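Contents: one structure, followed by commentary.
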Amino acid sequence: MELTFLLLSLTPLVLPLVISIFAFKYSSRSAKNLPPGSLGWPIFGETLEFLFGKPEEFVFRRMKKYSSDIFKTKILGEETVVMCGPDGHKYLFTNEQKLFTGFRPHSMQKLFLSDEGSAPAVITREAESKIIRSPGFLKPEALVRYLGKMDSITQQKMRTYWEGKDEVKVFPFAKTLTLSLACRFFLGTDDPERIARLVSNFDDVTLGMHSIPLNFPGTACYRANKAAAAIREELRIVICEKRAIMAEGAQVQDVLCHMILATDPSGKHMAEAEIAGMIMGLLVAGYSTVATAMTFFMKYVGQRPDIYAKILAVSTTNKNPKYFPDPEKLDPSRHEDGKAFPPFTFVPFGAGPRMCPGKEYARLAILTFVHNVVKRFKWEVVFPEEKIVGDMMPCPEKGLPIRLQSH
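FYI, the numbering for the sequence shown is 63 to 469, going by the numbering used here.
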């Protein structure tokens with residue numbers, strides 16, 4: 063049972079297309095040995111088709127037209143290679159920092175950049191990952207200490223928003239819950255007013271991360287940049303409060319404290335804006351992805367009570383009949399213990415240098431939610447055919463209304 067729930071929690075934590083994508087840059091248009099494909103229109107590339115169509119269809123059409131393994135395109139302002147299947151996964155996971163370096167698209171970079179005028183501490187991407195991992199906060203043995211708090215927060219939210227109600231919406235609840243858990247775990251704060259302010263801003267940031275990088279009023283990119291500035295300001299207030307507590311000698315243990323103490327090779331500490339940017343990245347990663355996993359758990363289980371604890375994880379590789387017979391068929395038994403997948407076919411958390419550092423945290427948050435909701439309720443999806451919207455982060459159009467029945 064735990065394994066099937068884990069499989070559910072893994073699915074949305076990879077890149078939203080659940081395929082390996084990385085951007086490439088080259089010095090001239092005549093560069094050789096590029097994969098087949100099209101860079102589309104000037105400036106926009108193929109972004110419009112990617113964002114306003116179905117990303118999955120966008121990928122499959124190009125796999126059919128150019129190559130089932132690899133093709134080039136231009137999306138979100140970046141010339142990009144899309145790699146599909148286990149060979150692409152293996153190449154990506156074993157060659158970072160050797161043959162290529164990962165980076166965020168410019169539309170994302172602007173959201174997380176420090177706005178400090180002074181020279182920042184020199185924290186490389188690799189060092190940033192080590193800062194997040196090194197204190198051991200995200201290891202299973204350390205997370206056990208937070209299980210009780212996770213459980214109490216989850217129970218409190220369910221009592222407040224769900225108990226005694228006949229019909230509720232899952233997605234808004236899941237977002238509030240996951241951000242509450244993330245703020246408590248990463249920041250050491252559970253101020254409900256602060257969390258309420260952050261929720262609306264994080265929605266705008268999530269939408270803007272995968273938008274056309276045109277920053278003027280009315281665009282998703284513009285709203286995302288305004289929201290990101292508001293989040294950074296809120297986080298800088300939290301950082302100041304945390305530093306004051308630490309200066310008084312209080313013993314505090316959370317990811318934010320570790321970042322405050324971290325230094326670059328020259329001994330320079332990170333500025334508040336830099337810390338705020340890194341923390342914002344962690345919160346974004348642990349917010350909509352985990353909330354989406356919880357929401358789709360409720361959707362699929364609500365529609366299929368006969369597979370109560372069995373959810374199918376789907377990706378482009380998982381849909382390849384070469385590795386997964388009848389890929390469109392809902393067959394949770396393929397995920398049962400003892401059934402090994404071919405190497406690099408099921409990689410929801412990545413691997414190697416691209417392994418998600420928060421995988422155990424996400425798993426624990428989702429399992430805690432599942433444990434509490436199953437213990438308290440049975441439910442029925444109000445609109446079984448509810449449309450799924452969103453480009454890189456899908457969600458039910460109406461927020462997934464469900465009818466609750468307490469045990």
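We put the CB at the ideal spot given by N, CA and C, even for glycine. Please read all numbers here as calculations on a predicted model, not as lab measurements.
CB of residue i within 8 angstroms of CB of residue j, strictly
{"i": "ILE464", "j": "MET360", "result": "yes"}
{"i": "THR135", "j": "GLY102", "result": "yes"}
{"i": "PHE174", "j": "GLY339", "result": "yes"}
{"i": "GLU422", "j": "LYS201", "result": "yes"}
{"i": "LEU269", "j": "ALA282", "result": "yes"}
{"i": "LEU462", "j": "PHE233", "result": "yes"}
{"i": "GLY99", "j": "ILE137", "result": "no"}
{"i": "PHE431", "j": "LEU239", "result": "yes"}
{"i": "VAL363", "j": "ALA427", "result": "no"}
{"i": "VAL435", "j": "GLU229", "result": "no"}
{"i": "LEU243", "j": "VAL261", "result": "no"}
{"i": "ILE307", "j": "GLU334", "result": "no"}
{"i": "MET145", "j": "ALA236", "result": "no"}
{"i": "ASP266", "j": "ARG285", "result": "yes"}
{"i": "LYS460", "j": "GLU448", "result": "yes"}
Residue i burial status per 10 Å Cβ neighbour count (16 or more: buried)
{"i": "GLY147", "result": "buried"}
{"i": "VAL317", "result": "buried"}
{"i": "PRO458", "result": "buried"}
{"i": "GLY400", "result": "Below a pLDDT of 50, predicted positions are generally treated as unreliable, and GLY400, at 48, falls in that range; no measurement from the model is reported."}
{"i": "PRO78", "result": "Residue placement at PRO78 is poorly supported in this model, since its pLDDT is 37, which falls under 50; the coordinates are not used for a value here."}
{"i": "ARG91", "result": "With a pLDDT of 47 at ARG91, under the threshold of 50, the modelled position of that residue is not reliable, and no figure is offered here."}
{"i": "GLN467", "result": "exposed"}
{"i": "ASN157", "result": "exposed"}
{"i": "VAL451", "result": "exposed"}
{"i": "PHE358", "result": "buried"}
{"i": "GLN171", "result": "exposed"}
{"i": "ILE299", "result": "exposed"}
{"i": "ILE105", "result": "exposed"}
{"i": "PRO117", "result": "buried"}
{"i": "THR216", "result": "buried"}
{"i": "VAL314", "result": "exposed"}
{"i": "ARG124", "result": "buried"}
{"i": "LEU161", "result": "exposed"}
{"i": "PHE112", "result": "buried"}
{"i": "PHE163", "result": "The amino acid occupying residue 163 in the given sequence is Thr; Phe does not appear at that position. THR163 should be labelled exposed."}
{"i": "LYS127", "result": "exposed"}
{"i": "PHE86", "result": "With a pLDDT of 44 at PHE86, under the threshold of 50, the modelled position of this residue cannot be trusted; read the value that follows with caution. So PHE86 counts as exposed."}
{"i": "ASN95", "result": "exposed"}
{"i": "GLU336", "result": "buried"}
{"i": "GLY329", "result": "exposed"}
{"i": "GLY280", "result": "exposed"}
Selected residue, minimal CA-CA separation from residue i, among the options
{"i": "GLY250", "options": "THR357, GLY226, VAL352 and HIS320", "result": "HIS320"}
{"i": "LEU276", "options": "THR109, GLU448, GLY452 and GLY99", "result": "THR109"}
{"i": "ALA424", "options": "PHE247, ALA292, HIS469 and LYS449", "result": "PHE247"}
{"i": "PHE133", "options": "VAL232, PHE114 and PRO97", "result": "PRO97"}
{"i": "PRO456", "options": "PHE114, ARG294, GLY99 and ILE105", "result": "PHE114"}
{"i": "ALA292", "options": "ILE274, GLN315 and MET342", "result": "MET342"}
{"i": "LEU297", "options": "GLY226, HIS272 and LEU344", "result": "LEU344"}
{"i": "ASN287", "options": "ALA324, MET271 and VAL300", "result": "MET271"}
{"i": "PHE439", "options": "ALA306, GLY226, GLY150 and ALA312", "result": "GLY226"}
{"i": "LYS152", "options": "ASP131, SER328 and PRO167", "result": "ASP131"}
{"i": "GLU442", "options": "LYS449, PRO367, LYS460 and HIS433", "result": "PRO367"}
{"i": "GLY139", "options": "ILE274, GLY329 and MET145", "result": "ILE274"}
{"i": "GLY218", "options": "PRO327, ASP252, PRO279 and ARG294", "result": "Gly is not the amino acid found at residue 218; the sequence shown has Gln there. When each option's Cα is compared against that of GLN218, the closest is ASP252."}
{"i": "LYS437", "options": "ARG221, SER129, PRO167 and ASP149", "result": "ARG221"}
{"i": "VAL346", "options": "ARG305, CYS245, SER328 and ALA324", "result": "CYS245"}
{"i": "HIS433", "options": "LEU209, PRO327 and GLN159", "result": "LEU209"}
{"i": "PHE264", "options": "GLU310, SER350, ARG207 and LYS304", "result": "SER350"}
Beta-bridge pairing of residue i - partner residues as DSSP gives them
{"i": "PRO463", "result": "LYS231"}
{"i": "THR357", "result": "In the DSSP output, where bridge partners are listed per residue, THR357 has none listed."}
{"i": "HIS331", "result": "THR325"}
{"i": "PHE439", "result": "SER468"}
{"i": "PRO458", "result": "ILE450"}
Subject >> 4 or more residues per run - each alpha helix (DSSP H) lying fully within the segment 92 to 177 >> reply: 109 to 114, 117 to 127, 148 to 157 and 168 to 174
Subject >> alpha helix (DSSP H) runs contained entirely in the segment 254 to 327, provided each spans 4 or more residues >> reply: 254 to 271, 282 to 309 and 317 to 323
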